[in-house]
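Q: The structure is given below, and queries will be raised subsequently.
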Amino acid sequence: MWILHFIPDSLIQLVIQIILAAGLLLTVITTVGKPLLKYAYPPATQFTGILQFFSVLILIIGVFFEGGYATEMEWRHRVEEVQAKVEAAEAKSKEASAQISAKVVTKTKVIHDHGQIVRQYIDREVTKYDSQCVIPDVFVKAHNDSAEAPK
Amino acid sequence: MKKLLIIVSILLMTACSTVVPVTMKFPDNPGPLTMQSCPSLQKLNDGAKLSDVSKTISINYETYYECSIKVDGWIEWYNTQKIIFESVK
């Protein structure tokens with residue numbers, strides 16, 4: 009009901025209720041009051057058919073608008089509900105990402121620090137055996153081939 | 408006739424439903440560290456000493472663990488985001 013988006017809700021509701029009430033009132037008057045009018049003012053009976061037709065038409069229009077308005081309001085309510093859910097989920101998602109990010113940073117730092125300690129140990133202890141142990145070229149080749157990413 | 412057309416047009420326009428798009432923003436990545444690709448492993452130079460071999464192996468292990476943390480981070484991120492996304496339905 010895009011046309012209704014440009015008009016304030018309260019005004020729409022008021023207009024619809026007026027149309028509905030007018031349609032209902034006129035329909036009752038033209039239906040119930042028809043025999044009374046016949047006695048009170050006989051020449052007016054020739055217009056009662058047309059009056060009744062328009063009364064029913066107004067009532068139908070009123071009911072149609074009322075139904076449309078109710079549906080529109082229900083949809084708006086649902087959209088608001090879903091929007092609120094989405095916003096809550098987005099906040100939760102952001103928080104989860106931040107938590108995972110913090111965890112990754114912490115773990116990476118731990119691994120890096122551990123690596124530093126190991127390399128300090130190598131510098132301190134393993135270097136003592138550098139002269140005693142000759143690394144053959146085949147070992148270097150085997151290592152480098154293993155380290156090479158497959159293409 | 409003109410009036411009838413106006414009334415019918417308004418009625419038809421009123422009956423048109425408006426589609427309101429409610430979309431969820433794509434979730435943020437789990438930090439800049441996870442957006443870096445895993446580096447290549449280090450190789451030994453010719454004539455490498457025992458300490459060089461040890462250091463290279465240590466660095467390569469470190470690289471592997473750093474990379475595995477990224478992958479684990481992405482797995483956790485996916486599982487968490489999936490639960491959150493499915494909770495919106």
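The listed protein sequences correspond, in order, to chains A and B.
My numbering applies: residue 9 is where the first sequence begins, and numbers increase by one.
My numbering applies: residue 408 is where the second sequence begins, and numbers increase by one.
In this text, a Cβ means the ideal position worked out from N, Cα and C, and glycines have one as well.
1. DSSP three-state label for Val118 of chain A, please.
2. How is the alpha helix (DSSP H) around Glu469 of chain B delimited, first residue to last?
3. Going along the chain, which residues of its own chain have a beta-carbon closer than 6 Å to the beta-carbon of Cys445 of chain B, five neighbours each way excluded?
4. Could you spell out where the alpha helix (DSSP H) holding Val148 of chain A opens and where it closes?
5. In angstroms with no decimal places, state the Cα-to-Cα distance between Glu103 of chain A and Val118 of chain A.
6. Please determine, among A:Ile130, A:Asp121, A:Thr38, the residue with the shortest C-alpha to C-alpha distance to Ile58 of chain A.
7. Tell me whether Val15 of chain A sits in a helix, a strand or coil according to DSSP, three-state version.
8. Is it buried or exposed, Leu22 of chain A, if we count other Cβ atoms within 10 angstroms and call 16 or more buried?
9. Given a limit of 7 Å on CB to CB distance, which residues of the stretch 15-32 of chain A reach chain B?
10. What are the residues of the stretch 475-489 of chain B that lie near chain A, defined by any Cβ-Cβ distance shorter than 7 Å?
11. Can you name the start and end residues of the alpha helix (DSSP H) that Ala48 of chain A belongs to?
12. By a C-beta neighbour count over all protein chains shown, 10 Å radius and 16 as the cutoff for buried, is Tyr77 of chain A buried or exposed?
A: The short version:
1. Position 110 of the first sequence holds residue 118 of chain A. In this structure, Val118 of chain A counts as helix in the three-state DSSP scheme.
2. In the second sequence, residue 469 of chain B corresponds to position 62, counting from 1. Residues 457-495.
3. If you number the second sequence from 1, residue 445 of chain B lands on position 38. Answer for Cys445 of chain B: Cys474, listed in chain order.
4. Translated into the one-based positions of the first sequence, residue 148 of chain A becomes position 140. Annotation: the continuous alpha helix (DSSP H) that includes Val148 of chain A extends over 145-155.
5. By 1-based counting over the first sequence, the position of residue 103 of chain A is 95. By 1-based counting over the first sequence, the position of residue 118 of chain A is 110. Between Glu103 of chain A and Val118 of chain A, the C-alpha separation is close to 23 Å.
6. The residue you call residue 58 of chain A lines up with position 50 of the first sequence. That would be A:Thr38, whose Cα lies nearest to the Cα of Ile58 of chain A.
7. Numbered from 1 along the first sequence, position 7 holds the residue referred to as residue 15 of chain A. Position check: residue 15 of chain A holds Ile in this sequence, whereas Val was assumed. If DSSP states are grouped into helix, strand and coil, Ile15 of chain A belongs with coil.
8. Locating residue 22 of chain A in the first sequence gives position 14, where the first residue counts as 1. So Leu22 of chain A ends up on the exposed side.
9. If the cut-off is 7 Å between Cβ atoms, the stretch 15-32 of chain A has nothing near chain B.
10. Going along the stretch 475-489 of chain B in chain order, one finds Ile476, Lys477, Gly480, Glu483, Trp484, Thr487, Gln488 with a Cβ nearer than 7 Å to chain A.
11. Locating residue 48 of chain A in the first sequence gives position 40, where the first residue counts as 1. Run containing Ala48 of chain A: 42-48, per the alpha helix (DSSP H) assignment.
12. Working through the first sequence from its first residue, we reach residue 77 of chain A at position 69. By the neighbour-count rule (16 or more Cβ atoms within 10 Å), Tyr77 of chain A is buried.
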